[in-house]
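Top to bottom, those sequences are chains A and S. Just so you know, we're using full-length UniProt numbering here: the first sequence kicks off at 1 and counts up by one. Just so you know, we're using full-length UniProt numbering here: the second sequence kicks off at 1 and counts up by one. No residue lacks a Cβ here, since even glycine has one placed at the ideal position from N, Cα and C.
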Amino acid sequence: MDARRVTRAVPRVRQVGFFTPNAPPEQPGPVRSQSGPPNSNSPPLSGSPASNSLSPVMIPPPRHLSDNLGARTGAVPVPGRANAGDHATVGSYNPADSVLGLESPPPTRIGDGESSEETESSLGWYRRNNPAKFASSFPGGGFDLSPVKQPEIVSGVEAKNQPPEKNEVQKGQASSSKPSKAKTTKAERRALQESQRAAKAASKAEANKSGGGAASSKTVKQPSQKKDAPPVASSVATSERIGVDRPAEKERKKDVPPPRMQFDDESRVGKAKRRSVLNQTEARNSIELFRHLPPHKNGTQLPYLESKFFELHDKHPAVYKVGLQYLTGDLSGGNARCIAMLQAFQEAIRDYSTPPEKTLIRDLTSKIGGFVSFLIECRPLSMSMGNAIRFLKSRIAKLPPILSESEAKAALCSDIDRFINEKIVLADKVIVRHAATKIRDGDVLLTYGSSCVVEMILLYAHELGKQFRVVVVDSRPMLEGKKLLRRLVAKGLSCTYTHLNAISYIMHEVTRVLLGASSILSNGTVYSRVGTASVAMVAYAYRVPVLICCEAYKFHERVQLDSICFNELGDPDAIAKVPGRVDVNYLDNLSDKQKENLKLLNLKYDATPSDYISMIVTDYGMIPPTSVPVIVREYRKEYLLI
Amino acid sequence: MAGLNLSAVSDDEDDADRDDRPVLSAAAVAAASRSTLRPPSLQTLLEDVPDSAAVPHTSSSGGDSEGKSKSADKSSRSRKLKHDVIEAVNELIQDINTCHEQIAEQAVEHIHQNEVILTLGSSRTVLEFLCAAKEKKRSFRVFVAEGAPRYQGHLLAKELVARGLQTTLITDSAVFAMISRVNMVIVGAHAVMANGGVIAPVGLNMVALAAQKHAVPFVVLAGSHKLCPLYPHNPEVLLNELRSPSELLDFGEFSDCMDFGSGNGAPLLHVVNPTFDYVPPKLVSLFITDTGGHNPSYMYRLIADYYSADDLVVQRRPTSGN
Numbered sequence: 001m002d003a004r005r006v007t008r009a010v011p012r013v014r015q016v017g018f019f020t021p022n023a024p025p026e027q028p029g030p031v032r033s034q035s036g037p038p039n040s041n042s043p044p045l046s047g048s049p050a051s052n053s054l055s056p057v058m059i060p061p062p063r064h065l066s067d068n069l070g071a072r073t074g075a076v077p078v079p080g081r082a083n084a085g086d087h088a089t090v091g092s093y094n095p096a097d098s099v100l101g102l103e104s105p106p107p108t109r110i111g112d113g114e115s116s117e118e119t120e121s122s123l124g125w126y127r128r129n130n131p132a133k134f135a136s137s138f139p140g141g142g143f144d145l146s147p148v149k150q151p152e153i154v155s156g157v158e159a160k161n162q163p164p165e166k167n168e169v170q171k172g173q174a175s176s177s178k179p180s181k182a183k184t185t186k187a188e189r190r191a192l193q194e195s196q197r198a199a200k201a202a203s204k205a206e207a208n209k210s211g212g213g214a215a216s217s218k219t220v221k222q223p224s225q226k227k228d229a230p231p232v233a234s235s236v237a238t239s240e241r242i243g244v245d246r247p248a249e250k251e252r253k254k255d256v257p258p259p260r261m262q263f264d265d266e267s268r269v270g271k272a273k274r275r276s277v278l279n280q281t282e283a284r285n286s287i288e289l290f291r292h293l294p295p296h297k298n299g300t301q302l303p304y305l306e307s308k309f310f311e312l313h314d315k316h317p318a319v320y321k322v323g324l325q326y327l328t329g330d331l332s333g334g335n336a337r338c339i340a341m342l343q344a345f346q347e348a349i350r351d352y353s354t355p356p357e358k359t360l361i362r363d364l365t366s367k368i369g370g371f372v373s374f375l376i377e378c379r380p381l382s383m384s385m386g387n388a389i390r391f392l393k394s395r396i397a398k399l400p401p402i403l404s405e406s407e408a409k410a411a412l413c414s415d416i417d418r419f420i421n422e423k424i425v426l427a428d429k430v431i432v433r434h435a436a437t438k439i440r441d442g443d444v445l446l447t448y449g450s451s452c453v454v455e456m457i458l459l460y461a462h463e464l465g466k467q468f469r470v471v472v473v474d475s476r477p478m479l480e481g482k483k484l485l486r487r488l489v490a491k492g493l494s495c496t497y498t499h500l501n502a503i504s505y506i507m508h509e510v511t512r513v514l515l516g517a518s519s520i521l522s523n524g525t526v527y528s529r530v531g532t533a534s535v536a537m538v539a540y541a542y543r544v545p546v547l548i549c550c551e552a553y554k555f556h557e558r559v560q561l562d563s564i565c566f567n568e569l570g571d572p573d574a575i576a577k578v579p580g581r582v583d584v585n586y587l588d589n590l591s592d593k594q595k596e597n598l599k600l601l602n603l604k605y606d607a608t609p610s611d612y613i614s615m616i617v618t619d620y621g622m623i624p625p626t627s628v629p630v631i632v633r634e635y636r637k638e639y640l641l642i
Numbered sequence: 001m002a003g004l005n006l007s008a009v010s011d012d013e014d015d016a017d018r019d020d021r022p023v024l025s026a027a028a029v030a031a032a033s034r035s036t037l038r039p040p041s042l043q044t045l046l047e048d049v050p051d052s053a054a055v056p057h058t059s060s061s062g063g064d065s066e067g068k069s070k071s072a073d074k075s076s077r078s079r080k081l082k083h084d085v086i087e088a089v090n091e092l093i094q095d096i097n098t099c100h101e102q103i104a105e106q107a108v109e110h111i112h113q114n115e116v117i118l119t120l121g122s123s124r125t126v127l128e129f130l131c132a133a134k135e136k137k138r139s140f141r142v143f144v145a146e147g148a149p150r151y152q153g154h155l156l157a158k159e160l161v162a163r164g165l166q167t168t169l170i171t172d173s174a175v176f177a178m179i180s181r182v183n184m185v186i187v188g189a190h191a192v193m194a195n196g197g198v199i200a201p202v203g204l205n206m207v208a209l210a211a212q213k214h215a216v217p218f219v220v221l222a223g224s225h226k227l228c229p230l231y232p233h234n235p236e237v238l239l240n241e242l243r244s245p246s247e248l249l250d251f252g253e254f255s256d257c258m259d260f261g262s263g264n265g266a267p268l269l270h271v272v273n274p275t276f277d278y279v280p281p282k283l284v285s286l287f288i289t290d291t292g293g294h295n296p297s298y299m300y301r302l303i304a305d306y307y308s309a310d311d312l313v314v315q316r317r318p319t320s321g322n
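Right, dumping it as structure tokens:
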């Protein structure tokens, strides 16, 4: 098991099933009913280890989740979720919302350092079962426990946390409601959903319908919901006590990222449509295989969107501008999009002022949620953007309530600056340094499409005086390689330009392949511009090493096997027309019947299997593709906490 | 690159020819003996009739006087030779025109129901193949990769939809992404080499590698006239053609980089635009020719049907002074 666990002299035997220790069986009762002294909880916990040296896994009888909901009175301000929180797990791009929602980093910023460690150690392995709601649980020490709203819960959980038992027993006890099997992911989520639903119902009056109403996808709702759940679980005063066991439970629990929104689900798509800002055009000829992906919104929406500018009063103009740029394709490339989005949020935060009777944290989170949903409508988020949003929301959630509004805003803006600086700008510098060591004199380097990191590497190596040639491979329909080619040639590199079909021809002179990535998934699959997989495959067949250059903030814990499960659809008309070649006009005059039979597919991304990759160059160093989940797991907390 | 391909002139004709010959050189004797075992090759034909053979060879250089000086029977022999050659060429043309039907007849054996077929570029053989299957009421869908930079895939897609097939047009970059959902890859060939390798339109090596990775059968349709007795050594370079860079880059955009005469030491920008790709035999699952389906390792045998060992290399006749 985990090395961090204390090794015991006596092996534990896991008892599965209902096990009533010598303590009162209604263990979880006190938590739920908010009655009963805290110490009633302790006996079972402390008793169990004492009673028998074998501390079994105690699985409390399943409680009805509605019990808990009484506890959370008006706690959760669900920001403008008009529809009942049906599925917590829905969301087209949930940047591990479970992480967002459930992983509550140490509550206070002040007590950050030591409290987090303390939590870890004291909690040991608080496996899940602490639904986000009951975020009020927290570690024994290091926090100012000022129980305001739900003292019982707080203390109850606290008491549970006392004994640093590092087994699932605690989990069972501490958990308010769920059967604490190690693998009840679904159960936990269901509990979460139900409690959220009830909480939402309870706090509906108070819920501020923010611009989140324009959100089309649940993704935003989900993160906002979960995000709000933990911090708002208790009152403002207790908002500092964010689930102590949550972090532990988060990590152990291997938060499974909730599945993304599937667009072939009629009910969800219908709701999304009602909320959307843009006209949802029905794809003319939607490909059966890709019905689960949102259809492309092309630049023809631009005038429509422009005309709606004054109606979208809740969207900050900076965000609106970025959205327009996404829609038209002026801004493309993972890093560029991410930076533009974060800077737009910065401006929005600077101009933000808390409405009366609302708390900054909640309101701002919901506003950000609204912005994100607008951006998603313009163009689906990339995974790196999702990670950045997750970071921002966690920073907002961790704002100590004692800060004044201006201080909080300044803190957030500086956080965003720090993120951009550390995770993107400096990371790029580190990557360039690492990768330049892999370039020798006489090398022939092949690159595909246009990746900003690879461009930086090539220019840097050229400045260092290394003698090498570059082969730029390009493909339709984006033809991004031409721009890269122009910039490289302007700087004096000798280049060869070719198209994707010719890679078998050119590969026998190539010594290294440098590629960029939009994201790298936990099974080592590289999710990148369409065609990258073909380049990597041919390079592998010719035994040419393939290096992927990617910042670590783009890593994601999702897994994907092929390019069809998740992708982005581009403009189908870009396939039928070849710019600059008027002779290619075969598809101009088709009869209607013929048009029915013909479908045009324009994929934007594809998934390269990890076997084709030799090495990934990140700001954490040069790692093999199998180490990506390690980085995700070990360093994710770090970048969320910064 | 192409060896001479001459369908077998019938043995009978040739024997009759030889009987008339008054003088037989040693080479001719050897040739005669060879000819009884195998269909005569152009080489043997020309050897057997050295004098009259010299006539067509040198006639282009205006050696008519020599021809006229020969006896009449030699001129009739040369006429017969010309006749034979012309007939053989006609047969070859006939073969080329009818190979599509013979190949398309086999479509029903390979395409069944609810299949997904991938192809790249455009090939008339493939078009006929798919349409034959469609006529036999097999249901299938076709993914056509457009095949930059000639974009022949657009043409094929248009033809297929005109004949009522469900077609999806994709870019070449999406081939790897889509191939996991494909049942079979069917392509045409430009030439089939002696080892079973294929000279195919550019991009097909990439498709063949992707098909191998996903265990999708890679089927090559080739009429037997595409067989070539050469063994591909360094095929990417020797058996390839490079086309104009204007198909990839607009000259106007990059004229400052591509003009070598600009004189300011600007870095050279090379543009590579090959026409063909070489697909090694281990990536090909099946060849479907007008004589049936074959393994790549068998293709060399078929060459013996169409080429004689003598014709594998066209040799220049030693100057005999005639």
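Mapping DSSP to helix, strand and coil, what is residue 126 of chain S? Helix, per DSSP.
Can you pull the chain S neighbours of residue 531 of chain A, defined as C-beta to C-beta under 7 Å? Here the neighbours are 173.
Are residue 442 of chain A and residue 462 of chain A closer than 8 Å when you measure CB to CB? Contact annotation: residue 442 of chain A and residue 462 of chain A have beta-carbon atoms that are not nearer than 8 Å.
Using a beta-carbon distance cut-off of less than 7 Å, what residues from the region 516 to 528 of chain A approach chain S? Within the region 516 to 528 of chain A, no residue has its Cβ closer than 7 Å to any Cβ of chain S.
Give every residue of the same chain whose Cβ lies closer than 6 Å to the Cβ of residue 520 of chain A, excluding the five residues on either side of it in the sequence, and list them in chain order. Cβ contact annotation for residue 520 of chain A (same chain, cutoff 6 Å, sequence separation greater than five): 526, 550, 555 and 628, in chain order.
Which partner residues does residue 528 of chain A have in the DSSP bridge list? In the DSSP secondary-structure assignment, residue 528 of chain A is bridged to A:606.
Which ranges would you report for the alpha helix (DSSP H) in the region 167 to 219 of chain S if only whole runs of at least 4 residues count? Taking only runs of at least 4 residues, the alpha helix (DSSP H) segments lying wholly in the region 167 to 219 of chain S are 175 to 178 and 204 to 213.
Of the residues S:196, S:215 and S:197, which one's Cα is nearest the Cα of residue 181 of chain S? The alpha carbon of residue 181 of chain S has as its nearest neighbour, out of S:196, S:215 and S:197, the alpha carbon of S:215.
Taking a contact to mean a Cβ-Cβ separation below 8 Å, would you say residue 275 of chain S touches residue 247 of chain S in this structure? Result no, Cβ atoms of residue 275 of chain S and residue 247 of chain S do not sit closer than 8 Å.
Beta-carbon proximity list for residue 296 of chain S, same chain, < 6 Å, skipping 5 on both sides: Closer than 6 Å at Cβ, skipping near neighbours: 196, 281 and 284.
Is the region 140 to 154 of chain S touching the region 116 to 132 of chain S in the sense that three or more CB pairs, one from each, lie closer than 8 Å? Yes, they touch.
Just verifying my parser: in three-state terms, what is the DSSP assignment at residue 550 of chain A? In the structure shown, residue 550 of chain A falls within a coil segment according to DSSP collapsed to helix, strand and coil.
Taking residue 477 of chain A as the query, report the chain S residues whose CB atoms sit under 8 Å from its CB, ordered along the chain. Think of a sphere of 8 Å around the beta carbon of residue 477 of chain A: the chain S residues whose beta carbon falls inside it are 171, in chain order.
Member of A:590, A:612 and A:625 whose CA lies at the smallest distance from the CA of residue 157 of chain S: Between residue 157 of chain S and the set A:590, A:612 and A:625, the nearest pair of CA atoms involves A:590.
So which residues on chain S does residue 387 of chain A lean against when the C-beta distance must stay under 7 Å? Near residue 387 of chain A there are no residues of chain S at all, since even the closest Cβ is about 24 Å away, more than 7 Å.
So the candidates are S:128, S:252 and S:163; which of them puts its Cα closest to the Cα of residue 97 of chain S? That would be S:128, whose Cα lies nearest to the Cα of residue 97 of chain S.
By the DSSP assignment, the beta strand (DSSP E) with residue 396 of chain S in it spans what residues? Any property of residue 396 of chain S remains undetermined from this structure, which presents chain S solely from 1 to 322.
Where residue 597 of chain A meets chain S, residues with beta-carbon distance less than 7 Å: Here the neighbours are 161, 164, 165, 166 and 167.
Excluding the five sequence neighbours on either side, which residues of its own chain have a C-beta within less than 8 Å of the C-beta of residue 209 of chain S, listed in chain order? Result list for residue 209 of chain S: 283, in chain order.
Endpoints, beta strand (DSSP E) assigned at residue 480 of chain A: Going by DSSP, residue 480 of chain A is part of no beta strand (DSSP E) at all; its letter is neither H nor E.
Residue 481 of chain A, buried or exposed, once every other Cβ within 10 Å from all chains shown has been counted against 16: Burial call: buried.
Would you mind reading off the limits of the beta strand (DSSP E) that contains residue 472 of chain A? Element bounds for residue 472 of chain A: 468 to 474.
When Cβ atoms are compared, which residues of the region 203 to 217 of chain S fall closer than 7 Å to chain A? Along the region 203 to 217 of chain S, going in chain order, the ones with a CB nearer than 7 Å to a CB of chain A are 203, 205, 206, 209, 210 and 213.
Anything in the region 267 to 279 of chain S with a Cβ closer than 8 Å to a Cβ of chain A? List those residues in chain order, please. Listed by position, the residues of the region 267 to 279 of chain S near chain A (Cβ gap below 8 Å) are 267, 268, 269, 270, 271, 272, 273, 274, 277 and 278.
Can you look up residue 158 of chain S in the DSSP assignment and give me helix, strand or coil? Residue 158 of chain S falls in the helix class under three-state DSSP.
When you compare the CB of residue 311 of chain S with every CB in chain A, is at least one pair closer than 8 Å? False, the Cβ-Cβ gap to chain A never drops below 8 Å.
Checking contacts by CB at 8 Å: is residue 495 of chain A closer than that to chain S? Using a CB distance cut-off of 8 Å, residue 495 of chain A counts as an interface residue toward chain S.
So, is residue 152 of chain S buried or exposed, given that buried needs 16 or more other C-beta atoms within 10 angstroms? Buried.
With residue 399 of chain A as the anchor, note down where its alpha helix (DSSP H) starts and where it stops. No alpha helix (DSSP H) holds residue 399 of chain A; DSSP gives it neither H nor E.
Considering residue 593 of chain A, what are the terminal residues of the alpha helix (DSSP H) in which it resides? Start and end: 592 to 597.
If you measure between the beta carbons of residue 326 of chain A and residue 392 of chain A, is that distance less than 8 Å? Against a cut-off of 8 Å, the Cβ pair of residue 392 of chain A and residue 326 of chain A comes out as no contact.
Residues in its own chain within less than 6 Å of residue 565 of chain A by CB, not counting five upstream and five downstream? Hits under 6 Å: none found.
Mark residue 490 of chain A as exposed unless 16 or more other C-beta atoms lie within 10 angstroms of its C-beta, in which case mark it buried. Answer is exposed; the Cβ neighbour count stays below 16.
Taking 8 Å as the threshold (beta carbon to beta carbon), is residue 129 of chain S in contact with chain A? The beta-carbon of residue 129 of chain S is placed no less than 8 Å from the nearest beta-carbon of chain A.
Nearest candidate by alpha-carbon position, reference residue 316 of chain A, set A:451, A:372, A:303 and A:416: Of A:451, A:372, A:303 and A:416, the residue nearest in Cα terms is A:372.
Can you have a look at residue 251 of chain S and say buried or exposed, based on whether 16 or more other CB atoms are within 10 angstroms of its CB? Per the 10 Å Cβ criterion, exposed.
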